[in-house]
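Colleague: Right, I'll just put the structure down here and ask away after.
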Amino acid sequence: MNPEQEEQKKYKPGEITETLLQRIKDVRKNSGKNPEKVYRFEFKTDQIDILNWLQSQKSDTKIFFSGREVNSVQIAGIGIASVFFRRERESIKKIFEEFDDFLDNFEDSTRFYGGVSFADDPGSGREWASFGSVKFILPRFELARGKNNTVFAANYLADELKEKEITELEREIGSINFSDGRESFPDTFISSLNFLPDLTGWKKVIEGYLNKIRLKEIRKIVAARRTEVCFDKEADPFVLLRELEKNKDKSTVFLFSFDGESFFTGSTPERLFHRDKDMLRAEAVAGTRPRGKTGEEDIQLGKDLLFSPKETREQKFVSEEISDKLKDICEYINVSEKKLLKLSTLQHLYNKIDGRLRPGTSDKDVLTGLFPTSAVSGLPKDTVMKMQKDMEPFDRGWYSGLVGFAGREESDLFVAIRSSLFRNKCAFFYSGAGIVEGSDPDNEWEEIDLKIKKFLRVFNYEN
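Numbering-wise, the sequence shown is residues 7 to 469 according to our numbering.
Okay, structure coming up:
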């Protein structure tokens, strides 16, 4: 078979492992002739249920990423071919300077999937131990499913192919499960539900924040709540992941697990930025109202949101902050008008900000300016982040941090809101509310309930 025929061939799942092993053997013979740092072996194959495939694998490391558009390519990955990991970080700029140097070893198109914690110190909670402050991986094996095709890929560093015994490679490749069998997913029911902080503690925290705003010490702060849910059996994050992917709701769906025990998953509507070479696109999302039960009610709630002084002030803080930071690193920027971002159960204020990066700038420069935005922290940033650390009775970990992919040619990073962490028989559901002048503690509590309602409904909880 010539290279062109091989490129067009569609492999049956059962043929992939055998052909992959043969290609690896061929590369091992000629590895000295090829200067590439990473060998990527790709195989077109039949349509495969990508979430079934991912859940059925035995690997402790599992990732899933799917863009907000309905027909976006779904990416599932298992194992680790290469990793960039930091347990703690001194500054986001320093870490991503190191990450830039790390990426110089790889092809422009190589994508590393992972995330960044909200705070410099991601916390000491055991549930976040395997995530660290920054972790991006090149999966060993990937399955990518688009509208019309499915591609399986394997990634190996050149040195690995030279050093690993062929029997070890055979075992690793042979462990991939391409079974056509579909798993059954029994209903999971909620046995207990607790809030941290509870309503009394929440009101105390919010009143304290509002007093800081009245004293002009801060302008805005985002208060977060963790809803701890325990189930009648071991929690299955794939039950939620399937529902989120089925109803994408103009959001990016993700899952990350690095130890086989803690699974961070969610559906976020908020992109921090997308970079395609030197072209940059960012978004400012803030302010919340529910969707109406009727068309007329929905329009009225949207108008209330658009013309609410409190919500407009909150969204304006975010938009102006992003615009001001991008002006320093972009040749030009364009800011769209404020609009409504309508999701299935919620609607937000939203605008786009586009620009072209100046020569010599990279992701580290964008992140230094933008992350974390006031949409998840507040203003002034350093002051409110210290308050959050002192006042919040839990570790945010990667919640309100970043998730997505990064590479030399392209990066796409999203703010990890509307997210949850599954571990054993429990799950933590995270959400927050922006506190500005005019905020009411009871209303903000209800807003958080609205944001996590669709998550709880998956597990047969109605309230």
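Beta carbons: idealized from backbone N, C-alpha and C, even for Gly. In this text, all values refer to a predicted model and were calculated from it rather than measured experimentally.
#1: Taking the alpha-carbon positions, what's the L373 to L199 distance?
#2: Keeping to the same chain, check which residues put their C-beta closer than 6 Å to that of E96; ignore five residues upstream and five downstream.
#3: Does the structure place the stretch 395 to 407 close enough to the stretch 342 to 356 that three or more beta carbon pairs sit under 8 Å?
#4: Check whether the Cβ atoms of L202 and T156 lie closer than 9 Å to each other.
#5: When you compare the CB positions of A82 and W59, do they come within less than 9 Å of one another, or not?
#6: Identify the continuous beta strand (DSSP E) that holds S273 and give its terminal residues.
#7: Going by beta-carbon coordinates alone, are L246 and F70 separated by less than 9 Å?
#8: With contact counted as at least three CB pairs below 8 Å, one residue from each stretch, are the stretch 141 to 150 and the stretch 111 to 120 in contact?
#9: Assess, as a yes-or-no matter, whether the stretch 316 to 334 is touched by the stretch 252 to 260 under the definition of 3 or more beta carbon pairs within less than 8 Å.
#10: Please tell me whether D418 and F411 are closer than 9 Å, where the distance is taken between their beta carbons.
#11: Under the three-state reduction of DSSP, which class applies to G375: helix, strand or coil?
#12: Determine whether the beta carbon atoms of L250 and S268 lie at a separation below 9 Å.
#13: Counting pairs of Cβ atoms below 8 Å between the stretch 164 to 175 and the stretch 23 to 34, do you hit three or more?
#14: Spatial neighbours of E213 within its chain, please: C-beta separation below 7 Å, excluding the five flanking residues on both sides.
#15: Using 8 Å for Cβ pairs, my map puts L349 next to I179. What's the rounded Cβ distance?
#16: Give me the residue from G301, F279, T67 with the minimum Cα distance to F487.
#17: Could you have a look at G312 and say whether DSSP puts it in helix, strand or coil?
#18: Report the rounded CA-to-CA distance for E10 versus L175, giving the unit in angstroms.
#19: Nearest to R362 by CA position, among L346, E337, T173, P378, is which residue?
#20: Assign P365 to buried or exposed, taking buried as 16 or more other Cβ atoms, counted over all protein chains shown, within 10 Å of its Cβ.
#21: Suppose only complete runs of 3+ residues qualify. What are the beta strand (DSSP E) ranges in the stretch 45 to 124, listed by chain order?
#22: Are I172 and Q63 closer than 9 Å when you measure CB to CB?
#23: Tell me, which residues are paired with T156 by DSSP?
#24: Buried or exposed, going by whether 16 or more other CB atoms sit within 10 Å of the CB of E133?
Modeller: Judging by the given coordinates:
#1: The sequence position of residue 373 within the sequence shown is 367, counting from 1. The sequence position of residue 199 within the sequence shown is 193, counting from 1. When rounded, the distance between both Cα atoms is 36 Å.
#2: The count along the sequence shown starts at 1 and reaches residue 96 at position 90. No residues qualify anywhere along the chain.
#3: no
#4: The sequence position of residue 202 within the sequence shown is 196, counting from 1. The sequence position of residue 156 within the sequence shown is 150, counting from 1. The answer is no: Cβ separation not under 9 Å.
#5: As a position in the sequence shown, residue 82 is number 76, starting the count at 1. As a position in the sequence shown, residue 59 is number 53, starting the count at 1. Against a cut-off of 9 Å, the Cβ pair of W59 and A82 comes out as a contact.
#6: For the purposes of this step, residue 273 is identified with residue 267 of the sequence shown, where counting begins at 1. Residues 268 to 274.
#7: One-based indexing of the sequence shown puts residue 246 at position 240. One-based indexing of the sequence shown puts residue 70 at position 64. No, they are not a contact pair.
#8: yes
#9: no
#10: As a first step, residue 418 is located in the sequence shown; it is residue number 412 there, counting from the start. As a first step, residue 411 is located in the sequence shown; it is residue number 405 there, counting from the start. A contact, by the Cβ cut-off of 9 Å.
#11: Reading the sequence shown from its first residue, position 369 is the one you call residue 375. Three-state DSSP puts G375 in a helix.
#12: For the purposes of this step, residue 250 is taken as residue 244 along the sequence shown, with counting starting at 1. For the purposes of this step, residue 268 is taken as residue 262 along the sequence shown, with counting starting at 1. No, the pair does not count as a contact, with Cβ atoms beyond the cut-off.
#13: Because the criterion of three Cβ pairs below 8 Å is met, the stretch 164 to 175 and the stretch 23 to 34 touch.
#14: Counting from one through the sequence shown, the residue named residue 213 turns up at place 207. Answer for E213: P447, listed in chain order.
#15: Taking the sequence shown and counting its residues from 1, one reaches residue 349 at position 343. Taking the sequence shown and counting its residues from 1, one reaches residue 179 at position 173. Their Cβ separation, rounded to whole angstroms, is 41 Å, which puts L349 and I179 out of contact at 8 Å.
#16: Limits of the chain in this structure are 7 at one end and 469 at the other, which puts residue 487 out of reach.
#17: Taking the first residue of the sequence shown as 1, we reach residue 312 at position 306. Reading off the sequence shown, one finds Leu at residue 312, where the question assumed Gly. In this structure, L312 counts as helix in the three-state DSSP scheme.
#18: On the sequence shown, residue 10 is found 4 positions in, with the first residue counted as 1. On the sequence shown, residue 175 is found 169 positions in, with the first residue counted as 1. Per-residue confidence for E10 stands at a pLDDT of 45, beneath the threshold of 50, marking its modelled position as unreliable; no derived number is given.
#19: One-based indexing of the sequence shown puts residue 362 at position 356. Closest option to R362, Cα to Cα, is E337.
#20: Counting from 1 along the sequence shown, the entry for residue 365 is found at position 359. Flag for P365 reads exposed.
#21: 68 to 72, 80 to 84, 88 to 92, 118 to 122
#22: Residue 172 sits at position 166 when you count from the first residue of the sequence shown. Residue 63 sits at position 57 when you count from the first residue of the sequence shown. No, these two residues do not count as a Cβ contact at 9 Å.
#23: Locating residue 156 in the sequence shown gives position 150, counting from the first residue. Beta-bridge pairing links T156 to T51, R151.
#24: Within the sequence shown, residue 133 is the residue found at index 127, counting from 1. That one is buried.
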